[in-house]
């Protein structure tokens, strides 16, 4: 659980096998191989290098499909995940934060990233440290 700056409210993250607050499909590794058109080794490398970030959901490692745009990982995702890791977030917490509506941004951070607002998202993420 975390307390956000400027808020006395404690926020519990939805992790592991729970349902994420943002409605998205979740892709398994074999599905990522198909969607990305890359071999499994390359998909694993994308995860290892944080071009994508995944979480165990229903027992299997899965990645939110919203992280894939036009058959490629969302380009602004990697740097944002680094900022969240620097703020002390685990992969599960980073995913949940990206998918949950944020009052400061006005939408879920992933929606802002998809709209090209990466500077704003990263500024808010840096403030969470």
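Numbering (the numbering used here), first residue to last: 1 to 129.
Glycine included, C-beta positions come from ideal geometry on N, C-alpha and C.
Asked                                                                                                                             : Found
So what does DSSP say about residue 75, is it helix, strand or coil?                                                              : coil
Buried or exposed, going by whether 16 or more other CB atoms sit within 10 Å of the CB of residue 64?                            : buried
Could you check how far apart the C-beta atoms of residue 113 and residue 76 are, in whole angstroms? I think they sit under 8 Å. : 5 Å
Under the DSSP definition of a beta bridge, which residues are partnered with residue 60?                                         : 57
Buried or exposed for residue 88, going by 16 or more other Cβ atoms inside 10 Å?                                                 : exposed
Is it the case that the Cβ atoms of residue 122 and residue 69 are separated by a distance below 8 Å?                             : no
Using the Cα positions of residue 107 and residue 79, report the straight-line distance between them to the nearest angstrom.     : 19 Å
Can you give the beta carbon distance from residue 57 to residue 97, rounded, assuming they're within the 8 Å contact cut?        : Wrong, their Cβ atoms sit about 16 Å apart, outside the cutoff.
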